[in-house]
Each structure stands twice: as C-alpha cells, then as structure tokens.
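Asks: These protein sequences, in sequence, are chains A and B.
Just so you know, we're using this note's numbering here: the first sequence kicks off at 425 and counts up by one.
Just so you know, we're using this note's numbering here: the second sequence kicks off at 10 and counts up by one.
Beta carbons: idealized from backbone N, C-alpha and C, even for Gly.
Quick one: this structure, given as structure tokens, is what I'll be asking you about.
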Amino acid sequence: HLYNNRYDGDKVIRVVPKNDDEADELKHMYQQLQVDLWQPSSISNIWKDIITDVHASNMSSEALLTYLRQANMEYKILVSNLQQVIEKQSPSRAKRKRR
Amino acid sequence: SILKYDYEDYHTLEEIEKWMHHMNRSHSNLVHMFSIGTSYEGRPLYVLKLGTKPSSFRKSYKREIWMDCGIHAREWIGPAFCQWFVKEAINTYKSDPVMKKILDFLYIYVMPVLNPDGYRYSWTHDRFWRKTRSKMRYNCYGVDANRNWKVKFCEEGASLNPCDNTYCGPYAESEPEVKAVAQFIHKRRKFIKIYITFHAYAQMILYPYSYQYDDIPNFKCVESAAQKAVQAINSAFGVRYRHGPVASTLYLSSGSSVDWAYNNGIPYSFAFELRDTGYYGFLLPDGLIRPTCIETMLAVKNITMHLLKKC
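Set out below in structure tokens:
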C-alpha cells in the first residue's frame, strides 16, 4: 500500500460550528487531538459558520466523533478511510507500485 | 516514457523535472527553461518561460505573466495544472488564435513546483505535508511558504509556532524558495502585469487583500476580471467558483504571495483555489484532472485577454 498503509482508518470530518461557543470548543478539541486541519488553514480562522475539515487518525477520530456526539454538534464524515481514497487518487500508480 | 507524458495523472518531482527538460529541448521556439535558485535541500527552482521572441518591428519588450503552482506541497492539482497549461499553450499555439495572440504578445513564466522539497516529501513520506522542509533551531520542520512573504509579515492568520502548519518563519523571505521567486519578480516588476498562484481546494478566484478588509485601488477592474473568469469556468462543466478578496471570501491571512505581488506593483494579482470543495479535498482523483484543467485554462486565458484589452 502507498505510504506503508499509515492512513488506514484515518478520517476526514466536516464540522460547521453554529455559534461562538461551539467554535471555541472545537478549537480546543482540535488543539488537544492535534488534528491535521484541511480547512481553514489555521485554528485561529475557526469561527461561527466557518466550514472546518479535519483529518484525524483512527484513534483521534473516534475521540473527536464521541465528543461531537456528546456535544450535540452536527458533523459529516467526508472520508471514512483515507488510505482507500489515497489509493484511488492515482489507481494506475498504486497498481504499478504494488507490482 | 516522455513521449507519452500523461497529463491526466499526478507526477513525482523527478518526472516533472524530466518533463521540463524535455519541453525545453523539443519546443525551443516557444519554451525556455531556467533556474532562479535552489531550494533549502538544494534542488533547482525551475521556471519555464513561454512565448515567441518579439519580431524586429514590434516593441523590444513584452509584458509578462507569472504563474506558480505547488506553494503548498499537498495541493497536487496545482502542479498538474501548471503542466497542463504548458502543454496546451504549445499544442494550440498554431490552432488557437487566442493562444497565438497571448504567446506572441506576452511572455508567461510558469513555475510548476515552487516548493520542490515539500512536494517530494508529500510523495515519499507524508501525503498531507503543506510547508517547506527547512529546519532552523527548533524541533519541527518547515515554514508555510504562503505566510513567508514580506507583506504584513507574521500578523493575522499566521503562526509563530514552528510546529504549526501556518508557521510564518523566523523572518520574511527566510525560505530560499520564497526569496528566489520574490527577487525574480521584483527584478521583472516593470514587465509583469499578472501574477497568478494556484492552490487547492475551495473553488475560488481570489484577489488582494488577504491581510485587511479594505478594497484595492483598482478593485473594479480586478473584480470584473475575476467575475468573468468564474463565468468562463462555469461555462465549461457548470462548476461554480466563488470570487472576491481573500480576506472576506476565504479568511484573513498575512505574508501571502498574492498580496506581496500586488504591493510590488503587479496590478492583476490572483490566487486560484482549484477543485474541489471537500468531497475529495487534496485527493482529487486523476480522472478529474482533465475537467479541472480545462475550466481553469479558460479562466486564465480570460484574465490574460482582459489584460491585453486593458481595463
């Protein structure tokens, strides 16, 4: 597998904070979990109604999803297994590498 | 094989460099390759200059356009587009009157990979690496090459933490890649009239300012060009792009190349955020390279013709 399969189980999750409190909590959570922020590029740009896309490892994404459910925050899982999408980005290259 | 270069696939740094050498050798009437410096890890910073030499009865100088891709390593669609642009320019020079006019009247500098160290690292180690690969005193690597320009350096939207993805760097132009491009553009600033930098993902055409909400002095002109460009994109496959100043359309940030270029006298300065809006994000499948590049070509040609007609 590409990248030694390190992204297996990683997720990309979209959250749009509905108010300032949610935005602050989200910033805190992202910092704690040390997620990879896809958008916006900086945690300091997270405000109410700003689309946030985060890439989180297998373990971190479980913790993040648990937190979001408990906080009643809406979220969407954009990518449920990042490794699979990486392999699909350039399928011919992935095949050549495996061969 | 170089002869069957696949423009609908993503390529490693080595493949892109071989391709640039090939284009330079095989299309010397339209393409001239040169290096403007070296990256932190010692890689050449290659630029392709496109355009015909002015004939003797025309002006001895031509206006110029600068395009760069790959400032952020993980945004692979950028370098893919830069390559597509060069291919299209060469292939359609004789058949497309618009492209012929562009290449006869202008020079276009295309830098397919502004951040070669980071790009290579995103292929070999970390697919989602964003920054350069410089290392100073601290434990973490890299600087955000789009926060390192000498314009409101390290203010809003940039971080002083070397481990952050938006780390501005120890000082402006600390990154040799940024310094090399800045020096080149500054030297050619009397001739360069359009600056375009390509990023992903958000589907937007953006212009200054990033660091403040005030309008630029030639707002009407630039806004009109951006509006026509998004209409051109939409005309291809119906994809909607938004447009506007970076600060109010995306978010506040400082030290970005689009603001630096504008403040250095380049009147049309744009940042393109290419496909998509999050379904694939940075992992846009190779099957979507073609439509993304086709629509983006229309926008770039549109902006260029806007310049030639004058606002």
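#1: In this structure, does DSSP put H81(B) in helix, strand or coil?
#2: Mind the definition here: the segment 218 to 229 of chain B touches the segment 168 to 185 of chain B only if three or more C-beta pairs lie below 8 Å; say whether that holds.
#3: With three or more C-beta pairs closer than 8 Å as the rule, is the segment 263 to 278 of chain B touching the segment 33 to 44 of chain B?
#4: Rounded to a whole number of angstroms, what is the C-alpha to C-alpha distance between R198(B) and D18(B)?
#5: Kindly list, in the order they appear in chain B, the residues whose Cβ is closer than 8 Å to that of I510(A).
#6: Assuming contact is defined by CB atoms lying nearer than 8 Å, are E97(B) and M306(B) in contact in what I supplied?
#7: Classify Y70(B) as buried or exposed, calling it buried when 16 or more other Cβ atoms lie within 10 Å of its own Cβ.
#8: Which one of N443(A), D432(A), K500(A) has the shortest CA to CA distance from D477(A)?
#9: From what residue to what residue does the beta strand (DSSP E) around G274(B) run?
#10: Just to check my reading of the structure: C78(B) and M108(B) have Cβ atoms closer than 8 Å, yes? What is that Cβ distance to the nearest angstrom?
#11: Alpha carbon to alpha carbon, how far is V309(B) from T490(A)?
#12: For a quick check, are the C-beta atoms of A280(B) and T206(B) less than 8 Å apart?
#13: Have a look at D268(B), G247(B), R249(B), V248(B) and flag the residue whose alpha-carbon is nearest the alpha-carbon of A256(B).
#14: Output needed for L502(A): all residues of its chain with C-beta closer than 6 Å, excluding positions within five of it in sequence on either side, in chain order.
#15: Runs of 4 residues minimum, wholly inside the segment 102 to 162 of chain B: which ones carry the alpha helix (DSSP H) assignment?
#16: In chain order, which alpha helix (DSSP H) runs of at least 4 residues are fully inside the segment 215 to 259 of chain B?
#17: Name the DSSP beta bridge partners of P53(B), please?
#18: For the alpha helix (DSSP H) holding R299(B), just list the boundary residues, first then last.
#19: So what's K442(A) in DSSP terms, helix, strand or just coil?
#20: Does any residue of chain A bring its CB to less than 8 Å from the CB of N174(B)?
Replies: Let me spell this out:
#1: One-based indexing of the second sequence puts residue 81(B) at position 72. H81(B) falls in the coil class under three-state DSSP.
#2: no
#3: no
#4: Along the second sequence, one-based indexing puts residue 198(B) at 189. Along the second sequence, one-based indexing puts residue 18(B) at 9. The straight-line gap from Cα to Cα measures roughly 34 Å.
#5: Position 86 of the first sequence holds residue 510(A). Ordered by position in chain B, the residues that pass the 8 Å Cβ test against I510(A) are R136, L292.
#6: What you label residue 97(B) is simply residue 88 of the second sequence in a count that begins at 1. What you label residue 306(B) is simply residue 297 of the second sequence in a count that begins at 1. M306(B) is positioned such that its CB atom lies closer than 8 Å to that of E97(B).
#7: Your numbering for residue 70(B) matches position 61 in the second sequence. Exposed: under 16 other Cβ atoms inside 10 Å.
#8: Position 53 of the first sequence, counting from 1, holds the residue named residue 477(A). The residue with the shortest Cα to Cα distance from D477(A) is K500(A).
#9: Translated into positions along the second sequence, residue 274(B) becomes position 265. In the DSSP assignment, G274(B) falls outside any beta strand (DSSP E) and carries neither an H nor an E.
#10: Translated into the one-based positions of the second sequence, residue 78(B) becomes position 69. Translated into the one-based positions of the second sequence, residue 108(B) becomes position 99. Incorrect: roughly 19 Å between the Cβ atoms, too far for contact.
#11: Within the second sequence, residue 309(B) is the residue found at index 300, counting from 1. Within the first sequence, residue 490(A) is the residue found at index 66, counting from 1. Looking at the two C-alpha atoms, the distance is approximately 45 Å.
#12: Counting from 1 along the second sequence, the entry for residue 280(B) is found at position 271. Counting from 1 along the second sequence, the entry for residue 206(B) is found at position 197. Cβ atoms of A280(B) and T206(B): closer than 8 Å.
#13: In the second sequence, residue 256(B) corresponds to position 247, counting from 1. Out of D268(B), G247(B), R249(B), V248(B), D268(B) has the C-alpha closest to the C-alpha of A256(B).
#14: For the purposes of this step, residue 502(A) is identified with residue 78 of the first sequence, where counting begins at 1. V436, R438.
#15: 106 to 114, 125 to 133
#16: 228 to 246, 255 to 258
#17: As a position in the second sequence, residue 53(B) is number 44, starting the count at 1. DSSP, once it has assigned bridges, lists T47(B) as partnering P53(B).
#18: By one-based count along the second sequence, residue 299(B) stands at place 290. 298 to 318 is the span of the alpha helix (DSSP H), which, as asked, contains R299(B).
#19: Residue 442(A) sits at position 18 when you count from the first residue of the first sequence. In the structure shown, K442(A) sits in coil (DSSP, three-state: anything other than H, G, I, E or B).
#20: What you label residue 174(B) is simply residue 165 of the second sequence in a count that begins at 1. Yes, contact with chain A.
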